Structure formats: C-alpha cells, structure tokens
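With our numbering, letter number 39 in the sequence shown gets 132, and the count goes up by one each step, no holes. The C-beta atom is built at its ideal place from N, Cα and C for all residues, glycine as well. Remember, predicted model here, so these are calculated numbers, not experimental data.
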Amino acid sequence: MCTNHNSPFKNDVVGSFLRPEILKQARQQFLAGSITAEQLRAVEDQEIINLVAKQKEVGLQAVTDGEFRRSWWHLDFMWGLDGVEKAGVPQGYVFHGVESRPETARVSGKIGFSAHPFINDFKFLQEIAGESAIARQTIPAPAQLLLELQRFENQEALQQHYPNFDELLHDIANAYQGFIKAIYAAGCRSLQIDDCTWGMLCDESFIKAREAEGVFVGDIGKVYAELNKYAVANLPEDLVITSHVCRGNYKSTWAGAGSYDPVANTLFSITDYDAFYLEFDTDRSGSFEPLKHVQGQKIVLGLVSSKIGELEEKEAIIARIHEAAQYVPLDQLCLSPQCGFASTEEGNILTEEQQWNKLKFIKEISEEVWGK
C-alpha cells in the first residue's frame, strides 16, 4: 500500500464524463467513413484539452481524459490486450428497464500484454495535465475481464483456449502486470481500477440464483480478490492504486442492489489498493456498517448521484459523511459522485451544466467538512 500520497482527494471524481456533442458527431462520422481516424483523434484531443481545463476550474486535483476515446468503460481496455477480441452477442447487459448495446470481449488466443493504445492516450493526458494536477488512468479490474470472458456466449472460445482455469487466471494477472508497469513507465502515478463484480456479488437476487445452483458467492469473491491481488502485487511504492465499486451505471439506470455485507471482508482484504470509491447514493447500497472491515484504506464516499441532475441537500450529505465516520476516521474519508457521468458513450440523463454543478457542489461540501 502506498502511504506517501494525497490522492484520492477530499473532493474527487470517478472519472468518466458526458461526451460533448461535437465528439459524438465525429465518432458517427468516423464510423460512417466520412472522416479518418486521424481526424477523429484531433477532435478527441481538443475535447480532452477542454475537459481537463474544466476539471481544474471546478477544483479537481486529479484529472482524467473523461474516457473520451472509449465507447465502454471496460470493453475498450479488454480489446487492447493480446488474445482478446471484440465480438457481438445476442443480448446486451440488462439494467433496470434498459438493455445496452450487444458487444463483448472474447478470448481469441493466449492473453498477454505487448502494447496497448491506452499508453499513448495516457501520455497525451499527462502532457496537458501539467504540473497543476495529477493525471489519473482508469481501467477495468482483472476480475471484470474474467467475468466478461466467462459469459455464456464466450464459454466455447474460453474452453478452446483455456481448458485450465489456473492458466487463465495466471495470464490475466500477468497481462495486467505488464500494462501497469508500462503505464507507470509512461509517468502514471494514479491508477483507478473499476470493478462491478463486487456490486454483482452484493445483489440479493444474484446471491439467491447462485445458491439455487449450489454456488456460494463467497467462493466467487475469493477468486476475484486473489486475481486482483496478484495483478497489483509488488508494484512501485509511489503508484497509487484505487478501486471503484459499482452496481451498474447505464443511461442513469442500475443493475444491482444490496449491502456490502456479503463482500466486505474479502473486498477490503486487497490491501495493495490504497482506497476504495464506494457507491452510497441510495438505500440500494445498504448502511455504512460494512466499513468496519476497512483495513486502513481511504474510503471515497459516493454520496452524490451522477445519475440525476438535481443537487442533493447539502446538510443531508454532510450528515451522512459524519455517519460514515463512526466506522472510518473522518480524515480517512473523501467525497465523490457514486459513479462516472458516462460509463458508456451514451452517458447518463443529465446536462453538462448539471454535471459540473455536481462537482462544484462536492467541492463546497469538502471545504465545509475538511477545510479543503
């Protein structure tokens, strides 16, 4: 665990932002063949420059590229690894009343790392972030890749290339180690690992369905935790590694509900993570009591919703921060939205103005609670 750092900060952000209309149009033009990849990248570059300036303006000390070069928060990263390919599926991810685009990541060979487009993307972010902000990279968790490769539609390919499960875990972890070391060499010192697997393991309906099949979700959680631990073990001391846990975020909808109780012990045992960004914006997340299992990590409370444009009541948020402080010391807590504003390029249902107002609101609260 890294100890010499300030990140995450008292007012922080999960990292994805609503795509500007000009960027959406450029991507459509590229898909239609009316502009080149170079022309699309030029638009992305300018919009990321604008985004970083805006993040600094609202008081963020760690900035991201908003995931502006991605379609998905997770799949684009997976497609960049050796032995993983983009594929279509009959059905997308099912959220509360909404279904996503039907795309997946599928094994096409042995998984590894030799190069990745995110490395050059990060170098651009680092350059424009300059000395006045930390450039933060976000990637999906190793466990998230495992879950994706194990989808029903991907099982045949998985068995073809990985009849041995332990070999699969080994290759995933080593591929992640390769990427993390490469992006560290490129200058990254703040890496956020996004992970919906824990939100799934908290979901009451998922738990009941697995138990009916004779599967204990605690055993699944142990596999996920060990894979994640292996992937982030023995990394440079000055690399801050955090993890964001989510219950689904697509077009302002959600996928799961349930307290952190079933996973708290296992999740917080990943002590190479310096902090956890945890969703707490609605009662779907349960109480703060599972935070009693935290093992010294910082906790970024996701108390402000990125799914709706209306601002929460300031006093209610402040009261909840102090409630969480019954389990984790106040100076170990931070504040952020519960998730990104656009986990996919479609984005949540709010305006860009509302998005920035949310972050200004979080900054106001952090100054009132922590004086910074």
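Contact between Asp365 and Val397 is ruled out by a C-beta separation of about 28 Å, above the 8 Å threshold. In the DSSP assignment, the residues bridged to Lys391 are Ala368. 8 Å or more divides the Cβ of Val462 from the Cβ of Ile392. The three-state reading of DSSP puts Trp463 in helix, counting H, G and I together.
Cβ atoms of Ile141 and Leu218 come within 8 Å of each other, at about 7 Å.
A distance below 7 Å between beta-carbons, with the five flanking residues on each side excluded, links Trp165 to the following residues of its chain, in chain order: Thr437. Under the three-state reduction of DSSP, Pro233 is assigned to strand. A Cβ-Cβ distance of about 5 Å is found for the pair Gly395 and Glu372, placing them in contact under the 8 Å criterion. DSSP places Ile265 inside the alpha helix (DSSP H), whose first and last residues are 258-278. Scanning Ala418, Ile458, Leu238, Ala279 for the CA closest to the CA of Val177 turns up Leu238. The stretch 207-214 makes contact with the stretch 271-290, as at least three CB pairs between them are under 8 Å. The Cβ neighbour count for Glu241, taken over all protein chains shown within 10 Å, is at least 16; the residue is labelled buried. Beyond the five residues adjoining it in sequence on each side, Tyr323 comes within less than 7 Å, by CB distance, of Ala266 in the same chain, given in chain order. DSSP places Val338 inside the beta strand (DSSP E), whose first and last residues are 333-338. Ser429 places its beta carbon 8 Å or farther from that of Tyr353. The alpha-carbon separation between Arg162 and Ser345 amounts to approximately 21 Å. About 5 Å separates the beta carbons of Leu294 and Val310, which is inside the 8 Å limit, making them a contact pair.
One Cα belongs to Ser109, the other to Thr157, and the distance between them is close to 8 Å. With fewer than three CB-CB distances shorter than 8 Å, the stretch 382-390 does not count as touching the stretch 436-452. Phe361 counts as buried, since no fewer than 16 other beta carbons sit within 10 angstroms of its beta carbon.
For the set Glu306, Asp312, Leu328, Glu304, the Cα lying nearest the Cα of Ile276 is the one of Leu328.
The count of Cβ pairs closer than 8 Å, one atom from the stretch 248-263 and one from the stretch 124-139, stays below three, leaving the stretches out of contact. Taken in chain order, the complete beta strand (DSSP E) segments of 3 or more residues contained in the stretch 389-451 are 391-397, 426-430.
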